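In the order they appear, the protein sequences are chains A and B. With my numbering applied, the first sequence has no gaps in its numbers, which climb one by one up to 849 at the end. With my numbering applied, the second sequence has no gaps in its numbers, which climb one by one up to 849 at the end. Even for Gly, the Cβ is constructed at its ideal location relative to N, Cα and C. Just so it is clear, the structure is predicted and the values come from calculations on it, not from any experiment. For reference, the structure discussed in these notes is given below.
2 protein chains.
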Amino acid sequence: MDKILRINMSGANGPELKTESLGAYAGLGGRAMTSTVVAQEVPPTCHALSAENKLVIAPGLLSGSAAAMSGRISVGCKSPLTGGIKEANSGGQPSQLLARLGYAAIILEGCPKDDTLYKVIINKDGVSIDKADDLKMLGNYDTVEKLRGTYGDKFGCISIGQAGEMKLGAATVAFTDMEGLPTRHAGRGGVGAVMGAKGIKAIIIDDAGTKMREPKDPEKFKAANKAFVAGLRQHPVTGQGLPAYGTNVLTNVINEAGGYPTFNFKQGQFDGAAKISGEALAEMENSRGGDGSATHGCHRGCVIRCSGTFYDKNGRFVTKQPEYETVWAHGGNCGIDDLDAIAELDRLDDDFGLDTIEMGATIAVAMDAGLAQFGDATAAIRLIKEVGQGTPLGRILGSGAAVTGRVFGVERVPVVKGQSMPAYDPRAVQGIGVTYATSTMGADHTAGYAVTANVLGVGGSVDPLKPQGQVELSRNLQIATTAIDATGMCLFIAFAILDQPETFQALIDLINGFTGLDMTGDDVSDLGKKILTQERTFNARAGLTAAHDRLPDYFKNEPLTPHKVTFGVTDEELDQVFNF
Amino acid sequence: MDKILRINMSGANGPELKTESLGAYAGLGGRAMTSTVVAQEVPPTCHALSAENKLVIAPGLLSGSAAAMSGRISVGCKSPLTGGIKEANSGGQPSQLLARLGYAAIILEGCPKDDTLYKVIINKDGVSIDKADDLKMLGNYDTVEKLRGTYGDKFGCISIGQAGEMKLGAATVAFTDMEGLPTRHAGRGGVGAVMGAKGIKAIIIDDAGTKMREPKDPEKFKAANKAFVAGLRQHPVTGQGLPAYGTNVLTNVINEAGGYPTFNFKQGQFDGAAKISGEALAEMENSRGGDGSATHGCHRGCVIRCSGTFYDKNGRFVTKQPEYETVWAHGGNCGIDDLDAIAELDRLDDDFGLDTIEMGATIAVAMDAGLAQFGDATAAIRLIKEVGQGTPLGRILGSGAAVTGRVFGVERVPVVKGQSMPAYDPRAVQGIGVTYATSTMGADHTAGYAVTANVLGVGGSVDPLKPQGQVELSRNLQIATTAIDATGMCLFIAFAILDQPETFQALIDLINGFTGLDMTGDDVSDLGKKILTQERTFNARAGLTAAHDRLPDYFKNEPLTPHKVTFGVTDEELDQVFNF
Chain A
270 MDKILRINMS GANGPELKTE SLGAYAGLGG RAMTSTVVAQ EVPPTCHALS
320 AENKLVIAPG LLSGSAAAMS GRISVGCKSP LTGGIKEANS GGQPSQLLAR
370 LGYAAIILEG CPKDDTLYKV IINKDGVSID KADDLKMLGN YDTVEKLRGT
420 YGDKFGCISI GQAGEMKLGA ATVAFTDMEG LPTRHAGRGG VGAVMGAKGI
470 KAIIIDDAGT KMREPKDPEK FKAANKAFVA GLRQHPVTGQ GLPAYGTNVL
520 TNVINEAGGY PTFNFKQGQF DGAAKISGEA LAEMENSRGG DGSATHGCHR
570 GCVIRCSGTF YDKNGRFVTK QPEYETVWAH GGNCGIDDLD AIAELDRLDD
620 DFGLDTIEMG ATIAVAMDAG LAQFGDATAA IRLIKEVGQG TPLGRILGSG
670 AAVTGRVFGV ERVPVVKGQS MPAYDPRAVQ GIGVTYATST MGADHTAGYA
720 VTANVLGVGG SVDPLKPQGQ VELSRNLQIA TTAIDATGMC LFIAFAILDQ
770 PETFQALIDL INGFTGLDMT GDDVSDLGKK ILTQERTFNA RAGLTAAHDR
820 LPDYFKNEPL TPHKVTFGVT DEELDQVFNF
Chain B
270 MDKILRINMS GANGPELKTE SLGAYAGLGG RAMTSTVVAQ EVPPTCHALS
320 AENKLVIAPG LLSGSAAAMS GRISVGCKSP LTGGIKEANS GGQPSQLLAR
370 LGYAAIILEG CPKDDTLYKV IINKDGVSID KADDLKMLGN YDTVEKLRGT
420 YGDKFGCISI GQAGEMKLGA ATVAFTDMEG LPTRHAGRGG VGAVMGAKGI
470 KAIIIDDAGT KMREPKDPEK FKAANKAFVA GLRQHPVTGQ GLPAYGTNVL
520 TNVINEAGGY PTFNFKQGQF DGAAKISGEA LAEMENSRGG DGSATHGCHR
570 GCVIRCSGTF YDKNGRFVTK QPEYETVWAH GGNCGIDDLD AIAELDRLDD
620 DFGLDTIEMG ATIAVAMDAG LAQFGDATAA IRLIKEVGQG TPLGRILGSG
670 AAVTGRVFGV ERVPVVKGQS MPAYDPRAVQ GIGVTYATST MGADHTAGYA
720 VTANVLGVGG SVDPLKPQGQ VELSRNLQIA TTAIDATGMC LFIAFAILDQ
770 PETFQALIDL INGFTGLDMT GDDVSDLGKK ILTQERTFNA RAGLTAAHDR
820 LPDYFKNEPL TPHKVTFGVT DEELDQVFNF
């Protein structure tokens with residue numbers, strides 16, 4: 270990864286392509302790359318859809334190598350949803366392909382002069398850009414299928430659906446998975462809207478003729494990778510829970526803990542949870558037979574293999590195995606206990622290019638506004654279809670929960686910095702509440718997944734119902750996560766590295782073996798702090814303050830059943846999260 | 270004015286009425302009262318539609334007295350549109366009536382437990398509150414007419430239309446005028462949505478049996494009032510321009526100056542300006558005959574008399590004579606040059622309870638989004654009717670320009686702190702640009718009307734096309750305006766007091782004669798500074814920063830014709846506005 274591809278959509282004679290050396294960005298990957306470029310090059314007060322904003326797509330530091338789990342890719346920009354900096358990451362093929370082709374980042378900048386849509390084609394011979402008006406307002410599935418007709422079966426694809434073209438706040442950037450389908454998404458913060466504003470529909474990446482990236486110290490790297498994989502296989506979450514049930518293994522766990530947000534965050538347990546749990550999903554997949562009963566990875570080099578395939582009762586492919594967050598968002602949070610309906614919603618979101626978390630939260634707000642009854646799956650499907658059709662109602666919903674709340678006058682809207690909360694109620698899992706409130710990203714579980722020590726007994730144990738210890742827990746996790754997001758590693762490695770010092774050491778050795786550096790655990794922590802500080806600075810200059818590092822008041826005032834608990838971490842404590 | 274009426278809508282057994290003494294709020298009127306109560310009692314980070322927000326309605330310090338021009342009333346709250354503190358003020362009957370009844374403020378707090386709608390009845394015998402579900406989703410006109418059937422012809426009324434009930438960001442609070450019609454509005458910042466969130470449809474005020482408020486020093490007061498009125502009659506703007514043509518006298522003036530925002534702020538002059546000017550309007554009214562040819566005041570005690578009546582070509586009443594800002598918003602900014610259409614839009618806005626400035630700006634953004642063609646009056650009327658009907662599209666539009674821009678992915682949205690800019694392009698009238706950027710209220714011309722020295726040659730002369738001197742101009746005007754907004758005086762007195770030292774002195778004497786105080790001009794200025802500081806502090810705690818004291822980037826990048834000028838006041842200069 271020795272170059273950056275810069276595409277200026279404001280060029281006088283159309284888009285201008287430039288391949289440049291890394292310069293000051295050398296040695297950065299994933300979130301370290303995206304956040305540094307955005308912090309350096311984007312005016313914090315610019316409009317997120319303007320020519321001044323940039324969309325940065327960056328493979329992780331270890332992507333394209335033989336390192337296990339290293340296939341995550343980061344997408345960064347100023348977020349149209351939060352108004353702050355954004356890094357959303359995704360699995361899928363493109364990270365490994367781009368890295369093998371040598372690209373440490375693609376930077377989309379400027380704005381096209383008219384509404385022409387473009388596609389970018391990248392392979393070992395170089396880069397080209399073509400008009401792609403034939404793809405206008407196609408979903409991600411049709412887009413990829415149509416491109417296969419021209420470019421064959423081998424390429425990986427980065428694309429936007431209708432939501433991105435409409436520049437909606439919940440629009441994602443889609444990445445094709447191992448099966449070549451657009452099921453993996455950089456979901457959060459409206460990154461797809463920024464790609465839409467750049468007029469880029471798809472980026473087609475073919476790594477034919479390239480080789481795996483070579484480590485500086487092959488022996489050290491190989492040994493470390495082996496120990497790393499062994500550690501992942503040994504830990505109960507990464508070695509058993511996730512491979513067996515996928516992320517949806519969490520439904521019963523979080524519901525049992527009383528932290529499962531139900532009916533738009535009105536209660537902490539859902540009567541229908543068992544019906545949509547990972548266990549129920551596995552049983553359904555097994556009973557429907559075929560390869561639906563096996564799990565697999567979302568990218569080359571995955572050894573956790575928490576993904577899967579969802580077929581309907583007639584054996585027709587619907588979507589990838591829905592993730593826990595999706596099952597919760599479209600399920601329990603909306604009072605829906607029907608896995609087939611949830612899978613259909615997942616498919617629609619992937620096709621239109623919509624964040625499943627944001628959309629589930631939004632539909633629940635719409636239900637509170639009286640647009641549908643809680644539990645009405647048919648209505649939820651109809652509402653999501655409106656988004657794809659671009660009706661006024663669809664555009665409202667596709668703009669996310671905060672806008673939907675404003676338009677329909679709903680006060681109870683579970684957002685921080687305009688972004689919807691994921692599948693853990695911050696009252697019953699107070700550590701994640703600290704992360705929601707303070708993350709540079711808006712409400713985001715992956716930014717500091719305190720569910721670990723709060724509920725799962727991973728990386729220590731902190732009482733989830735009490736404020737004590739949550740700030741320190743969230744702080745440490747936010748630092749570690751930010752560093753992991755720079756490596757291209759899947760965040761799920763955190764379970765093993767938090768609990769197993771030797772697995773953490775193996776990760777450090779893996780990085781050092783690959784880069785030839787001599788980093789310590791403290792160095793990794795310092796990297797995390799440095800990126801976070803950069804992001805916080807950008808956000809402050811964009812106008813985000815301590816007042817934005819807060820949960821909505823009702824989490825402090827309305828006790829959550831069954832534990833009858835409110836969010837107890839004080840404002841003063843929240844303001845200490847970034848004192849590191 | 271020795272008491273406050275507090276209505277708690279959260280009472281266990283329904284709304285609770287309480288009349289209390291002024292306590293720490295003694296001596297405050299208008300904006301001084303509303304901003305102090307909001308700053309003292311409303312948590313800055315609360316949701317604007319929540320029980321924690323309060324709606325404060327306060328007559329001016331001199332309201333209810335014989336002082337000329339003293340009939341303005343202030344409405345304050347945390348704004349659902351800007352997220353900051355809000356004071357919107359209005360003419361009409363209620364200020365004088367409430368003041369004569371002795372109420373220095375009505376404070377609506379809490380939230381009703383269900384969607385029952387209420388009306389409040391205030392007269393010399395006291396206060397009562399009744400259910401008013403029969404008024405649900407009625408426009409302001411039907412609401413007032415229906416109430417006349419019950420309460421007679423004498424009362425003044427404060428009400429919300431459909432927009433307030435739907436809690437939309439552009440919703441106003443309506444006040445009946447001298448003719449008893451709901452044509453005067455506290456328009457800006459969505460104050461009507463907060464009244465809607467409190468579940469109050471109307472406040473009926475009958476001052477029968479009360480007397481005018483007595484000054485402490487009747488002789489001094491009487492002499493000062495005489496000198497004050499003479500000063501207003503003597504100044505060309507308040508004595509001639511406004512009485513002859515109403516505020517719409519400005520259309521030709523601002524268009525001539527090249528600062529008339531046209532086609533959603535794309536150019537500074539409108540070809541159709543003459544057709545919708547004050548001169549054209551007066552000619553039309555004269556040709557249609559009846560009392561439409563005479564101007565009159567919007568409240569008891571007005572001697573400027575800039576209001577009027579608009580009849581259609583068949584002599585049927587349509588609305589009050591549309592104000593300059595309305596004619597611009599629904600006219601030039603949308604490319605519409607048809608006064609009959611503009612009057613119909615004005616009537617619809619008044620009836621639904623919508624801010625004409627916000628709605629005109631919003632329709633222009635919607636036109637940029639492709640929802641209608643610029644100049645298409647029929648489409649504009651259809652779009653505004655959607656708001657009253659509460660369709661999804663209508664709710665988007667009724668949420669204002671910022672939300673409409675987000676939902677339709679439009680970058681060029683002329684807002685500051687989420688509130689639409691009024692009828693002066695900040696590039697060609699740079700002093701008003703400073704006010705738009707820095708006002709505690711969001712983009713608001715009345716907060717510091719630098720058009721005076723920039724264009725009208727009132728209160729000095731500062732080149733409108735250059736940044737020099739604009740910060741000082743806006744600062745001084747913001748301070749003076751804030752103080753005037755506390756008195757209950759119509760802001761139009763500023764023309765005379767800025768140019769005529771003896772009229773300014775008459776105003777001071779009027780205040781002193783009434784209150785028995787011995788204030789100087791410096792004391793008045795200190796009052797303005799004190800209120801502004803309080804508002805700035807609230808906003809800072811609510812999360813508004815220097816980054817929010819900025820115009821959208823395109824005003825700095827896109828030159829405005831005909832002067833080919835961009836907004837040149839630097840960020841550093843803007844940050845000096847409140848260094849007083």
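Just checking my contact of residue i with residue j at CB under 8 Å: how many whole Å lie between their CB atoms?
i: A/L318; j: A/A462; result: 7 Å
i: B/I376; j: A/P661; result: Not confirmed; about 36 Å, so no contact.
Measure from the alpha carbon of residue i to the alpha carbon of each residue in the options, then state which is nearest.
i: B/Y514; options: B/N524, B/R482, B/N494, B/G577; result: B/G577
i: B/T516; options: B/P821, B/A551, B/C380; result: B/A551
i: B/G558; options: B/P363, B/G541, B/F579, B/L519; result: B/F579
i: B/T571; options: B/A815, B/I762, B/M406; result: Here residue 571 of chain B is Cys; the residue named in the question, Thr, does not match the sequence. Ranking B/A815, B/I762, B/M406 by Cα distance to B/C571 puts B/I762 first.
i: B/A633; options: B/L801, B/D624, B/G644; result: B/G644
i: B/L367; options: B/I390, B/G353, B/C380; result: B/I390
i: B/H599; options: B/F621, B/P530, B/E554; result: B/P530
i: B/L725; options: B/Q538, B/C575, B/G528, B/M788; result: B/G528
i: A/G456; options: A/G717, A/L801, A/I748, A/E592; result: A/E592
i: B/R585; options: B/E554, B/T595, B/N602, B/I573; result: B/E554
i: A/G785; options: A/E289, A/L450, A/L386, A/K489; result: A/K489
i: A/R275; options: A/A374, A/M338, A/S364, A/V344; result: A/A374
i: A/G345; options: A/M758, A/N409, A/E310, A/P512; result: A/E310
i: B/V679; options: B/N533, B/I753, B/D754; result: B/N533
Just list the residues that DSSP pairs residue i with in beta bridges.
i: A/Y387; result: A/K400, A/I469
i: B/Y580; result: B/F586
i: B/V834; result: B/L829
i: B/A217; result: Past the boundaries of the shown model lies residue 217 of chain B; chain B is included only from 270 to 849, so the question cannot be answered.
i: B/D705; result: The sequence shown places Tyr at residue 705 of chain B, rather than the Asp named in the question. For B/Y705, which the question treats as bridged, DSSP gives no partner whatsoever.
i: B/I273; result: B/E289, B/A374
i: B/C426; result: B/I473
i: B/L324; result: B/L377
**Prompt:** Residues in the segment 288-321 of chain B with C-beta within 8 Å of chain A's C-beta atoms, listed in sequence order?
**Reply:** P312, P313, T314, C315, H316, L318, S319, E321
**Touching by the beta-carbon criterion (3+ pairs, under 8 Å), the segment 443-451 of chain A and the segment 604-613 of chain A** = no
**Request:** Determine contact between the segment 691-706 of chain A and the segment 680-691 of chain B, defined as no fewer than three beta-carbon pairs at a distance below 8 Å.
**Result:** no
**Request:** Could you list the residues in the segment 383-411 of chain A with a C-beta less than 8 Å from some C-beta on chain B, going in chain order?
**Result:** none
**Item:** Where the segment 812-835 of chain A meets chain B: residues whose CB sits under 7 Å from a CB there
**Value:** G812, T814, A816, H817, R819, P821, D822
**Prompt:** Is it a yes or a no for the segment 761-779 of chain A touching the segment 341-361 of chain A, going by three-plus beta-carbon pairs under 8 Å?
**Reply:** no
**Request:** Mind the definition here: the segment 562-570 of chain B touches the segment 652-661 of chain B only if three or more C-beta pairs lie below 8 Å; say whether that holds.
**Result:** no
**Asked** the segment 447-467 of chain A: which residues have C-beta closer than 9 Å to a C-beta of chain B, in chain order?
**Response** A462, G465, A466
**Asked** Between the segment 424-441 of chain B and chain A, which residues of the former have CB atoms less than 8 Å from a CB of the latter, in chain order?
**Response** M435, K436, L437, G438
**Prompt:** Counting Cβ pairs, one atom from each stretch, are 3 or more of them under 8 Å apart for the segment 324-339 of chain A and the segment 476-485 of chain A?
**Reply:** yes
**Request:** Report the residues of the segment 621-634 of chain A with a CB closer than 8 Å to any CB of chain B, ordered along the chain.
**Result:** none
**Request:** Residues of the segment 751-766 of chain B with a CB closer than 7 Å to any CB of chain A: list them in chain order, please.
**Result:** none
**Asked** Between the segment 667-685 of chain B and chain A, which residues of the former have a C-beta closer than 7 Å to a C-beta of the latter?
**Response** S668, V672, R675, V676, F677, G678, E680
**Prompt:** Along the segment 651-666 of chain B, what residues have a CB closer than 8 Å to any CB found in chain A?
**Reply:** T660, P661, L662, R664, I665
**Prompt:** Taking Cβ-Cβ distances below 7 Å as the criterion, which residues of the segment 785-814 of chain B are in contact with chain A?
**Reply:** R810, A811, G812, T814
**Prompt:** Using 8 Å as the threshold, is the segment 807-814 of chain B in touch with the segment 806-818 of chain A, meaning 3 or more CB pairs across them?
**Reply:** yes
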